[in-house]
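For what it's worth, the numbering used here labels the leading residue of the sequence shown as 39, then goes sequentially.
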Amino acid sequence: MKNAIIIRYCEIHLKGKNRGFFEKMLKENIKNSLKEFKFTFTTMHSRYLIEDYDPLDYELITAKLHKIAGVHTYSNALVVENEFEKIVEASSILLKDKVGTFKVNTNRADKTFTPNSMETSMLLGGRMLELYGKNISVDVKNPDFTLYVDIREDGKTFVYTDVVNCLSGMPVGSAGKGLLLISGGIDSPVAGYMMCKRGMKLNCLHFHSFPYTGEAAKEKVIELTKKVGEYNGGINLYVVSFTHIQEAIHEHCPEEFMITIMRRFMMRIAERLAIQQGDQAIITGESLGQVASQTIESITSSNSVVTMPMLRPLIAFDKLDIIDIAKKIDTYETSILPYEDCCTVFLPKYPAIKPNLERVKRAESKLDVEGLIEEAFKKVEKYTF
């Protein structure tokens with residue numbers, strides 16, 4: 039008898055003839071995430087199996103599984119030969135400390151095994167009641183827990199009681215590459231997490247306004263990027279100096295359009311960097327109507343300066359929805375640290391909520407747009423996590 043971790047996927051089942059592509063990618067992502075551990079990895083009928091691992095590594099391994107997009111559930115199973123008495127032995131170990139109602143769910147892929155699935159469940163349930171009847175009782179409709187018995191054709195039976203939910207979604211890398219605009223706020227790390235869950239491999243871009251924003255603000259963004267990177271299988275962060283652009287906008291453009299024009303510069307720089315890195319889309323944490331720069335008019339203005347797809351996974355989320363996810367992925371406490379980002383520098387008292395695009399263009403024409411962008415690209419820092 040030994041332990042094994044059974045890993046399952048969900049949405050990949052919906053794929054047709056190219057399903058193998060997604061299965062292989064998920065397999066490689068799991069192995070890459072767990073490369074620090076020693077184990078045997080096999081594929082088993084649309085599932086993956088981790089065996090021969092150090093039991094002391096179990097908690098560390100399963101913590102990693104929770105951050106791998108495409109992993110739907112996992113179970114910690116006891117593995118025995120396809121013999122009824124050995125299945126009873128494994129079941130007795132799992133139910134020893136259980137209290138409450140239960141049922142037995144038997145899957146008999148090995149049709150040579152006797153008794154059949156229904157009979158196995160009945161007989162096994164009876165044996166467990168003989169052993170632990172003081173603590174457990176049968177309820178096949180609404181049990182407190184289920185004893186699963188999976189009898190396979192290769193002579194192995196997997197016995198388990200837990201089915202632990204994970205991230206689900208699609209394997210990172212299966213949906214192309216994107217560039218996430220990451221600030222020090224709550225929204226953008228959540229947007230990055232959402233895109234990882236949908237299978238997009240990310241790079242990150244942050245705009246730094248030294249000396250108006252200090253090193254602590256940049257370190258905060260680095261920490262947030264690392265946390266997003268845990269769901270991304272590693273990540274690159276590019277930090278672009280933005281101070282000179284903000285100063286130019288502040289000096290030459292109407293105050294009400296400062297945020298609007300600033301966002302237009304960010305999009306231009308993001309698109310240029312994305313093309314250089316082979317990214318196929320730009321991702322932001324914008325939520326419709328949340329602030330002045332996220333009205334439909336402001337978003338239209340930002341979109342108009344790029345041709346690359348703009349993805350906004352949080353566009354219909356309210357702030358409480360976003361905060362709930364931020365807490366779940368452990369970015370919230372870092373995001374609320376009191377260090378300002380570049381968006382708070384030269385903040386106008388009354389920003390344009392519905393900026394007129396033609397007026398914005400006229401205001402922006404006073405600036406050397408290309409010269410300012412070229413200057414920004416002279417001061418790009420890259421961090422790899």
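Glycine included, C-beta positions come from ideal geometry on N, C-alpha and C.
{"Item": "Could you tell me the distance, in whole angstroms, from the CA atom of LEU218 to the CA atom of VAL266?", "Value": "10 Å"}
{"Item": "Helix, strand or coil, according to DSSP, for ASN67 in the structure here?", "Value": "helix"}
{"Item": "Looking at PHE196 and VAL142, is the spacing between their C-beta atoms short of 8 Å?", "Value": "no"}
{"Item": "Excluding the 5 residues preceding and the 5 following VAL178 in the sequence, name in chain order all residues of the same chain whose CB lies nearer than 6 Å to its CB.", "Value": "LYS141"}
{"Item": "DSSP three-state label for TYR250, please.", "Value": "coil"}
{"Item": "Following the continuous beta strand (DSSP E) through TYR186, name the residue where it begins and the one where it ends.", "Value": "183–189"}
{"Item": "Out of curiosity, what's the CA-to-CA distance linking ILE374 and LYS392?", "Value": "28 Å"}
{"Item": "Give me the Cα-Cα distance between GLU371 and GLY164, rounded to the nearest whole angstrom.", "Value": "50 Å"}
{"Item": "Taking the C-alpha atoms as reference points, what is the distance between GLU268 and PHE423?", "Value": "9 Å"}
{"Item": "Please name the residue, chosen from SER279, ILE299, VAL201 and ASN154, that lies closest to ARG190 on a Cα-to-Cα basis.", "Value": "ASN154"}
{"Item": "Could you say which of LYS102, LYS194 and GLY211 lies nearest to LYS62 if we only look at CA atoms?", "Value": "GLY211"}
{"Item": "With THR100 as the anchor, note down where its alpha helix (DSSP H) starts and where it stops.", "Value": "96–103"}
{"Item": "Given this structure, state the Cα-to-Cα distance separating LEU240 from ASN67, to the nearest angstrom.", "Value": "14 Å"}
{"Item": "From this set, GLU412, ASN203, TYR86 and ASP92, which residue's C-alpha is nearest VAL278's C-alpha?", "Value": "GLU412"}
{"Item": "How many Å lie between ILE363 and VAL228 at the Cα?", "Value": "7 Å"}
{"Item": "Strictly under 8 Å for the Cβ-Cβ distance: is ARG165 near chain C by that measure?", "Value": "No chain C is present in this structure, which holds just one protein chain."}
{"Item": "Between GLY214, PHE77 and ASP359, which has its C-alpha nearest LEU98's C-alpha?", "Value": "PHE77"}
{"Item": "For SER34, which three-state DSSP category applies?", "Value": "The shown model of the chain, from 39 to 423, leaves out residue 34, and the question about it has no answer."}
{"Item": "Whole angstroms are fine: how far does the CA of PHE245 sit from the CA of ALA254?", "Value": "14 Å"}
{"Item": "How many angstroms separate the CA atom of LYS357 from the CA atom of LYS124?", "Value": "53 Å"}
{"Item": "Could you name the residues of the same chain whose beta carbon sits closer than 7 Å to that of ASP182, not counting the 5 residues immediately before and after it, in chain order?", "Value": "GLY138, THR139 and PHE140"}
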